[in-house]
Amino acid sequence: MKAVVIKNPGGPEVLQVQEVEDPAVGDNEVLIQAEASALNRADTIQRKGLYPPPKGASPYPGLECSGKIIAVGKSVTRWKVGDQVCALLSGGGYAEKVVVPDGQLLPIPEGVSVRDAASFPEVACTVWSTVFMMSRLSSGETLLIHGGSSGIGTFAIQIAKHLGIRVFATAGTEEKLAACKNLGADVCINYKSEDFVARVMEETGGNGVDVILDNVGGPYLQKNLESLAIDGRLFIIGFMGGAVTQVNLSCLLAKRLTIQAAGLRNRSLENKAKIVAEVEKHVWPAIAAGKVKPIVYETFPLSEAADAHRMMESSAHIGKILLIP
Numbered sequence: 001m002k003a004v005v006i007k008n009p010g011g012p013e014v015l016q017v018q019e020v021e022d023p024a025v026g027d028n029e030v031l032i033q034a035e036a037s038a039l040n041r042a043d044t045i046q047r048k049g050l051y052p053p054p055k056g057a058s059p060y061p062g063l064e065c066s067g068k069i070i071a072v073g074k075s076v077t078r079w080k081v082g083d084q085v086c087a088l089l090s091g092g093g094y095a096e097k098v099v100v101p102d103g104q105l106l107p108i109p110e111g112v113s114v115r116d117a118a119s120f121p122e123v124a125c126t127v128w129s130t131v132f133m134m135s136r137l138s139s140g141e142t143l144l145i146h147g148g149s150s151g152i153g154t155f156a157i158q159i160a161k162h163l164g165i166r167v168f169a170t171a172g173t174e175e176k177l178a179a180c181k182n183l184g185a186d187v188c189i190n191y192k193s194e195d196f197v198a199r200v201m202e203e204t205g206g207n208g209v210d211v212i213l214d215n216v217g218g219p220y221l222q223k224n225l226e227s228l229a230i231d232g233r234l235f236i237i238g239f240m241g242g243a244v245t246q247v248n249l250s251c252l253l254a255k256r257l258t259i260q261a262a263g264l265r266n267r268s269l270e271n272k273a274k275i276v277a278e279v280e281k282h283v284w285p286a287i288a289a290g291k292v293k294p295i296v297y298e299t300f301p302l303s304e305a306a307d308a309h310r311m312m313e314s315s316a317h318i319g320k321i322l323l324i325p
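Residue 102 in full-length UniProt numbering is what sits at position 102 of the sequence shown, and the numbering runs on without skipping anything.
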């Protein structure tokens, strides 16, 4: 099969399509003939040599895919050859064939094409596990999403609005702010020209928001804490702005704040399976009802993975970028 190989850590040009061996299928795994894979920021970090795959995972990048099952392990009971699925991966999505543990598979959501379904597993599992399972965001509360036009952001806006949340989103251009608004964000903030803390406080009557989903990290930590309401929860899922900062912790006590951080890739198979099951139970019905839609900005053939990475790193896109084997 063909797969995208990282020759050496570096820029997008190090991504090369090569002929490699088909992956072996374990007892509790299935083999997918991939129809699409979606890009994630983690892929670009892996390409630079800063985010190696977990032990035993595929060395090829790609954290989600969709396609048709072409083989199943002897212990697999739910799935069969011919099923169309999408999947959460620890790696290997940039390839024609992908092996996946059976607990990380999802059926194609009703009303969504097999190709577009590749845009859902990573964002759905990330947002549901962090904002809803761990931070316990509930109807009637408020959510601030940094990077509202990203793949994570466009999904989070939609599912939060569907569940009765008042949504705040930051973005850096008028086009991206308009996209956030069209997806349902109630308050859209240009982080380049506005102080998001002041705007949050103005819009909440000085109370702040209940939950913040942040991928910026260090530079936003103090501002995030200042933007939270009493009993507020900050969840950090990335460090695009850096991982080191100095912070005044006094408001943690004064407002009883919670700070959490987590990723998906290094979780146990059991934990990933639990998250996937929760996503199927709570998110898939919203997609089937048309309340959450795939937001696909552009597709590239596997041979143009480098160009796809360049687009992602330019931050010109809104939503997800797909690769097609």
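All residues carry an ideal CB built from backbone N, CA and C; glycine is no exception. Source: prediction; values computed, not measured.
For residue j and residue i, believed in contact at Cβ under 8 angstroms, the rounded distance
{"i": "alanine 34", "j": "glycine 67", "result": "4 angstroms"}
{"i": "glycine 218", "j": "threonine 245", "result": "4 angstroms"}
{"i": "glutamate 304", "j": "histidine 317", "result": "Actually they do not touch by this definition, with Cβ atoms about 14 angstroms apart."}
{"i": "tyrosine 94", "j": "alanine 3", "result": "6 angstroms"}
{"i": "histidine 162", "j": "valine 279", "result": "Not really, about 14 angstroms apart at Cβ, beyond 8 angstroms."}
{"i": "glutamate 29", "j": "glycine 56", "result": "11 angstroms between Cβ atoms; not a contact."}
{"i": "leucine 213", "j": "isoleucine 145", "result": "5 angstroms"}
{"i": "isoleucine 32", "j": "valine 81", "result": "That pair is no contact at about 11 angstroms."}
Option in the options with minimal Cα separation from residue i
{"i": "leucine 302", "options": "Ile318, Glu313, Ile324", "result": "Ile324"}
{"i": "asparagine 8", "options": "Gly26, Pro61, Asn28, Arg41", "result": "Pro61"}
{"i": "alanine 42", "options": "Ile237, His282, Ser314", "result": "Ile237"}
{"i": "glutamate 21", "options": "Glu174, Cys86, Glu96", "result": "Glu96"}
{"i": "phenylalanine 239", "options": "Ile230, Ser227, Ala261, Ser250", "result": "Ala261"}
{"i": "aspartate 102", "options": "Lys274, Glu203, Gly290, Met312", "result": "Lys274"}
{"i": "leucine 137", "options": "Ala229, Val5, Ser314, Thr44", "result": "Ala229"}
{"i": "alanine 243", "options": "Tyr220, Asn40, Gly263, Thr154", "result": "Tyr220"}
Residue i (DSSP reduced to helix, strand or coil)
{"i": "asparagine 190", "result": "strand"}
{"i": "leucine 322", "result": "strand"}
{"i": "proline 285", "result": "helix"}
{"i": "glycine 140", "result": "coil"}
{"i": "isoleucine 236", "result": "strand"}
{"i": "isoleucine 295", "result": "coil"}
{"i": "lysine 68", "result": "strand"}
{"i": "threonine 126", "result": "helix"}
{"i": "alanine 95", "result": "strand"}
{"i": "glutamine 46", "result": "helix"}
{"i": "alanine 254", "result": "helix"}
{"i": "leucine 249", "result": "coil"}
{"i": "lysine 2", "result": "strand"}
{"i": "valine 216", "result": "coil"}
{"i": "alanine 316", "result": "coil"}
{"i": "valine 211", "result": "strand"}
{"i": "proline 54", "result": "coil"}
{"i": "proline 23", "result": "coil"}
{"i": "valine 100", "result": "strand"}
Start-to-end residues for the beta strand (DSSP E) that takes in residue i
{"i": "glutamine 260", "result": "258 to 261"}
{"i": "serine 37", "result": "29 to 38"}
{"i": "arginine 166", "result": "166 to 171"}
{"i": "glutamate 19", "result": "15 to 19"}
{"i": "glutamine 158", "result": "No beta strand (DSSP E) holds glutamine 158; the alpha helix (DSSP H) holding it covers 151 to 162."}
{"i": "lysine 74", "result": "Segment: none, lysine 74 is in no beta strand (DSSP E) and carries neither H nor E."}
{"i": "leucine 89", "result": "It is not in any beta strand (DSSP E) - leucine 89 carries neither H nor E in the DSSP assignment."}
Residue range of the unbroken alpha helix (DSSP H) whose run includes residue i
{"i": "arginine 265", "result": "That residue, arginine 265, is in no alpha helix (DSSP H); it is neither H nor E in DSSP."}
{"i": "leucine 106", "result": "First-last for leucine 106: 105 to 107, but that is the beta strand (DSSP E), not the alpha helix (DSSP H)."}
{"i": "alanine 117", "result": "114 to 117"}
{"i": "glutamine 222", "result": "221 to 227"}
{"i": "methionine 133", "result": "Here methionine 133 belongs to no alpha helix (DSSP H), and DSSP marks it neither H nor E."}
{"i": "alanine 178", "result": "174 to 183"}
{"i": "phenylalanine 120", "result": "Neither: phenylalanine 120 is in no alpha helix (DSSP H) and is coded neither H nor E."}
{"i": "valine 197", "result": "196 to 203"}
The ligand HEM heavy atom lying under 7 angstroms from the CB of residue i
{"i": "tryptophan 284", "result": "Among the components modelled here there is no ligand, and therefore nothing to report on the ligand HEM."}
Where residue i falls, given that 16 or more other Cβ within 10 Å makes a residue buried
{"i": "arginine 199", "result": "buried"}
{"i": "glycine 140", "result": "exposed"}
{"i": "aspartate 27", "result": "exposed"}
{"i": "glutamate 122", "result": "buried"}
{"i": "threonine 170", "result": "buried"}
{"i": "serine 268", "result": "exposed"}
{"i": "glutamine 18", "result": "exposed"}
{"i": "glutamate 270", "result": "exposed"}
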